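Residue numbers (the numbering used here): 381 to 830.
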């Protein structure tokens, strides 16, 4: 299918990708261009910023979770013919495997044949920037780099570097503008997992408007669009998603529990589910008409004082799980089911205590394989997953074996006939039969309640 698209990559983390993408999306919105956004990799936080700009969900594109065909399908399905703007992750070539570029932004560009604009931090450099660009173009075959957006650059330096680029690269790689040094009021604050979530920045819209006003005269939107419009046609085979009787799945959703893949919700909706939301931070119970439960990750440790006091939510979640309501509890949601978080009392379904490890714990991609029959199917059922947390628990489970791409393995997580709970974040599209099994468990629960 014909699908205009462009990928905004960076030379490294903190190169300015998220700022550049937010500015680009906002400028396109001002032009009333119909646009959809994507994030490479398993990130939850940057998509929240995209959504804050354009008011539409952002989807993930992750080559570890998806085979090539599924990756192309999800891109085209979620973009639906509108301009697709894809934000990269880390540095362009940073990934896994022997060469180091597996599951990288570069691999997404190759697998989806997407032209790339690379964001280069220009602070303190001028003609040396061309060496950086040339190095990224030539490091691995078929880089797909078609444009450069400079960050932290002055107007005078941009004019000079543009003239050098035209002499050196001619039309093979074009400048698409620059972002000047932004005032402090425009910067997005960070914490240990990266940027703080969009909902936590009270003046976010003011920041975004200010950034857009600044970039309106410095980013060459027409050049970026010309790159996107030259993207080749994509071919793929649509996956077969089973359709079922309607069910309602409740998802905890607020500042404490906000790490969800939009594709998870979309897949469950395709199967027939209605997703309803409730907030443990507002002391809301699990909706009475729910047939399944999702407890996503997030930052429950930041709100442990509030969550401890909210007995209605805690008791409702505990009673739902003890009644056999099928549930998936990932990372922060798993911690919430434990006895305590930082000494504050939680639901108490597990006799576990969550504590700060003050460092990343078991960070990265892994594949988990069940050691017993459970909510997703028979023993041996596997999922592609990801872990990203600074907190750990005294009881992490042994229902699955997790294996990293480098071969390191360990036991993790819990499963029963109606529950998955553990630190690994699941990507349901990576195993459609297992996702279907979860849906069927919800149907069985619905029938028992009738």
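The beta-carbon is built from N, C-alpha and C at its ideal position, and this holds for glycine as well. These figures come from a predicted structure and were not determined experimentally.
> Going by the CB atoms, is the gap between residue 726 and residue 694 shorter than 8 Å?
Replying inline: yes
>> Starting from residue 765, trace the beta strand (DSSP E) in both directions and tell me its first and last residue.
In response: 762–767
> Which of the three DSSP states, helix, strand or coil, is assigned to residue 681?
Replying inline: helix
> Applying the criterion that 16 or more other CB atoms from any shown protein chain within 10 Å of the CB defines a buried residue, is residue 692 buried or exposed?
Replying inline: exposed
>> By DSSP's criteria, residue 555 is part of a beta bridge. Which residues make up the other side?
In response: 528
> What's the C-alpha gap between residue 682 and residue 712?
Replying inline: 11 Å
> Using the C-alpha atoms, what's the distance from residue 717 back to residue 731?
Replying inline: 9 Å
> Across which residues does DSSP place residue 783 in a beta bridge pair?
Replying inline: 747, 789
> Excluding five sequence neighbours on each side, which residues of the same chain lie with their C-beta closer than 8 Å to the C-beta of residue 596?
Replying inline: 407, 410
> Would you say residue 657 and residue 639 are within 8 Å of each other, going by their C-beta atoms?
Replying inline: no
> Whose CA, out of 631, 607, 719, lies closest to the CA of residue 665?
Replying inline: 631
> Among the residues of its own chain, which have a CB less than 7 Å from the CB of residue 506, if the five just before and after it don't count?
Replying inline: 537, 540, 541
> Which runs of the alpha helix (DSSP H), 4 residues or longer, sit entirely within the region 417–447?
Replying inline: 425–434
> Quick one: Cα of residue 535 to Cα of residue 434, how far?
Replying inline: 28 Å
> Is the region 777–795 close to the region 580–595, with three or more CB pairs under 8 Å?
Replying inline: no
> So, does the CB of residue 410 fall closer than 8 Å to a CB anywhere in chain B?
Replying inline: Absent from the structure: chain B. Only one protein chain is present.
> On the premise that residue 418 lies in contact with residue 497, defined as a C-beta separation below 8 Å, what is that separation, rounded to the nearest angstrom?
Replying inline: Not a contact, Cβ separation roughly 14 Å.
>> Does residue 480 come out as helix, strand or coil in the three-state DSSP assignment?
In response: coil
> Alpha carbon to alpha carbon, how far is residue 393 from residue 513?
Replying inline: 16 Å
> Per DSSP, residue 772 is paired with what?
Replying inline: 735
> Helix or strand or just coil, what does DSSP make of residue 727?
Replying inline: coil
> For the candidate residues 609, 482, 621, whose alpha-carbon lies nearest to that of residue 786?
Replying inline: 482
> Rounded to the nearest angstrom, how far is the Cβ of residue 384 from that of residue 464, given a contact under 8 Å?
Replying inline: 7 Å
> Which stretch, first to last residue, makes up the beta strand (DSSP E) that contains residue 657?
Replying inline: 653–658
> How big is the Cα-Cα spacing for residue 437 and residue 811?
Replying inline: 22 Å
> Do you know offhand how far residue 474's Cα is from residue 485's?
Replying inline: 7 Å
>> Going by beta-carbon coordinates alone, are residue 445 and residue 807 separated by less than 8 Å?
In response: yes
> Would residue 839 pass as a contact of residue 629 if the rule is Cβ separation under 8 Å?
Replying inline: An answer regarding residue 839 cannot be provided, because it is not within the stretch 381 to 830 covered by the chain.
>> What does the Cβ neighbour count give for residue 764, buried or exposed, with the cut at 16 atoms within 10 Å?
In response: buried
>> For residue 624, tell me which candidate among 815, 699, 555 has the shortest Cα-Cα distance.
In response: 815
>> As an exercise, report each continuous alpha helix (DSSP H) stretch of at least 4 residues that is fully enclosed by the region 447–503, in chain order.
In response: 448–459, 485–491
>> Looking at the strands, I want to know which residues DSSP matches up with residue 385.
In response: 464
> In whole angstroms, what separates the C-alpha of residue 805 from that of residue 398?
Replying inline: 23 Å
>> DSSP three-state label for residue 519, please.
In response: coil
> So, is residue 479 buried or exposed, given that buried needs 16 or more other C-beta atoms within 10 angstroms?
Replying inline: exposed
> Going by Cα to Cα distance, which pick from 663, 720, 618 is closest to residue 457?
Replying inline: 618
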